[in-house]
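S.K.: The following block contains the structure, expressed as structure tokens.
Protein chains in written order, with my numbering: chain A, 3 to 16; chain B, 1389 to 1644.
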């Protein structure tokens, strides 16, 4: 089944 | 110092209600252009980005940058003490450790004042990349909320497919499956019921319905919502404000 991604895996820290 | 006045407390009450279930403690950054907030929900699945431009206030003054470290639930608790049509003023002195909220009923000569303790919150900010999304849909905020609520009876996840034929929401669970399809349309009488689709390529993504339901609590802020998606990327869901927006960046479910 698909897994829930988190925002951190797409957007880098400033 | 910050001094910002709204003619109706309901404006801020609705915004805080739209984000309070997702956010705990976060900083509101104030400068001469307005108020801004960026914060991840506790599970790091949704990034909330709020912008309240100074033009959206009936009076606004902020000479120097001020950071308001707030517990959003505490702010919501205090705002419940305001009537919807009260005049609301936010005030904070430079380097103060409190936010002063006043609620005024001009007809009844009533003024209430609440002091909310501010916190030092060590917060990380994320760089939101400039993105050309593959699909953009503008539709009724109430219709999106209703569609997702209906499908949440079937499953904990919804799949959204957008192509030139329209936008399709579907869910499948133990009791069966269901879907709702909307074709692009123009409603001349009720513009908010129009469905406008801009597409560079078809896209399909799946999302957790509980988080989506929390996001659509912002439906009271705007008659329409803008949903933007690109395959394998977080969706951007935006509710426009008279001067600003509430945006949610929503991480999808992804195949291993």
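In this text, a Cβ means the ideal position worked out from N, Cα and C, and glycines have one as well.
Computed from a prediction, not measured in an experiment: that's the story for all the values here.
Compare the beta carbon distance of residue 1568 of chain B and residue 1535 of chain B with 8 angstroms and say whether it is the shorter of the two.
M.R.: It is a contact, given that the beta carbons lie within the stated cut-off.
S.K.: Residue range of the beta strand (DSSP E) that residue 1417 of chain B falls in?
M.R.: Residues 1413-1419.
S.K.: Measure from the alpha carbon of residue 1510 of chain B to the alpha carbon of each residue in B:1406, B:1389 and B:1415, then state which is nearest.
M.R.: Measuring from the Cα of residue 1510 of chain B, the nearest candidate turns out to be B:1415.
S.K.: Would you say the stretch 1569-1582 of chain B touches the stretch 1544-1558 of chain B, given that touching needs at least three Cβ pairs under 8 angstroms?
M.R.: Output reads yes: the stretch 1544-1558 of chain B touches the stretch 1569-1582 of chain B.
S.K.: Check whether the stretch 1503-1522 of chain B and the stretch 1448-1461 of chain B touch, using three or more Cβ-Cβ pairs below 8 angstroms as the test.
M.R.: Yes, the stretch 1503-1522 of chain B is in contact with the stretch 1448-1461 of chain B.
S.K.: Three-state secondary structure (DSSP) at residue 1511 of chain B?
M.R.: Correct three-state label for residue 1511 of chain B: coil.
S.K.: Would you mind giving the Cβ-Cβ distance between residue 1503 of chain B and residue 1486 of chain B, rounded to the nearest angstrom? I have them listed as a contact below 8 angstroms.
M.R.: That pair is a contact at about 5 angstroms.
S.K.: Closest to residue 1530 of chain B by CA distance: which of B:1471, B:1476 and B:1607 is it?
M.R.: Out of B:1471, B:1476 and B:1607, B:1607 has the C-alpha closest to the C-alpha of residue 1530 of chain B.
S.K.: Assuming residue 1407 of chain B and residue 1438 of chain B make a contact with CB atoms under 8 angstroms, what is their CB distance in whole Å?
M.R.: Indeed, because the Cβ distance is near 7 angstroms, the residues count as touching under 8 angstroms.
S.K.: Work out the CA separation of residue 1563 of chain B and residue 1512 of chain B for me, nearest whole Å.
M.R.: Rounded to the nearest angstrom, the two C-alpha atoms are 42 angstroms apart.
S.K.: Does the Cβ of residue 1559 of chain B have 16 or more other Cβ atoms within 10 Å, making it buried, or fewer, making it exposed?
M.R.: With 16 or more Cβ atoms within 10 Å of its Cβ, residue 1559 of chain B is classed as buried.
S.K.: Can you tell me which of B:1590, B:1484, B:1475 and B:1396 puts its alpha carbon nearest to the alpha carbon of residue 1548 of chain B?
M.R.: Considering only alpha carbons, the answer is B:1590.
S.K.: Measuring only the C-alpha atoms, how far is residue 1542 of chain B from residue 1561 of chain B?
M.R.: So the two alpha carbons sit approximately 5 angstroms from each other.
S.K.: Closest Cβ-Cβ distance between residue 1640 of chain B and chain A: below 8 angstroms?
M.R.: Cβ-Cβ to chain A under 8 angstroms: yes for residue 1640 of chain B.
S.K.: Can you check which of these residues, B:1539, B:1498, B:1565 and B:1595, is closest to residue 1617 of chain B by C-alpha distance?
M.R.: It is B:1595 whose Cα lies nearest to the Cα of residue 1617 of chain B.
S.K.: Is the shortest distance between the beta-carbon of residue 1389 of chain B and the beta-carbons of chain A less than 8 angstroms?
M.R.: It does not; no Cβ of chain A falls within 8 angstroms.
S.K.: With a threshold of 16 other CB atoms inside 10 Å of the CB of residue 1642 of chain B, please say whether the residue is buried or exposed.
M.R.: It is exposed - the Cβ of residue 1642 of chain B has fewer than 16 other Cβ atoms within 10 Å.
S.K.: Of all the residues that make up the stretch 1618-1644 of chain B, which are near chain A by a beta-carbon distance shorter than 7 angstroms?
M.R.: Listed by position along the chain: 1621, 1622, 1637, 1639, 1640, 1641, 1642, 1643 and 1644.
S.K.: When the distance is taken between beta carbons, is residue 1440 of chain B closer than 8 angstroms to residue 1632 of chain B?
M.R.: Contact flag set, yes.
S.K.: If we call anything under 8 angstroms between Cβ atoms a contact, is residue 1394 of chain B one with residue 1442 of chain B?
M.R.: No, the pair does not count as a contact, with Cβ atoms beyond the cut-off.
S.K.: Using CA atoms only, rank isn't needed, just tell me which of B:1401, B:1521 and B:1514 is closest to residue 1436 of chain B.
M.R.: It is B:1514.
S.K.: Name, going along the chain, the residues of the stretch 1511-1523 of chain B whose beta-carbon falls closer than 9 angstroms to a beta-carbon of chain A.
M.R.: Hits within the stretch, in order: 1512, 1513, 1514, 1515, 1516 and 1517.
S.K.: So, for residue 1430 of chain B: in the same chain, excluding its five sequence neighbours on each side, which residues have a beta-carbon less than 7 angstroms away from its beta-carbon?
M.R.: Correct list, in chain order: 1412.
S.K.: Chain A beta carbons: is any one of them nearer than 8 angstroms to that of residue 1692 of chain B?
M.R.: With chain B covering 1389 to 1644 only, the question about residue 1692 of chain B has no answer from this structure.
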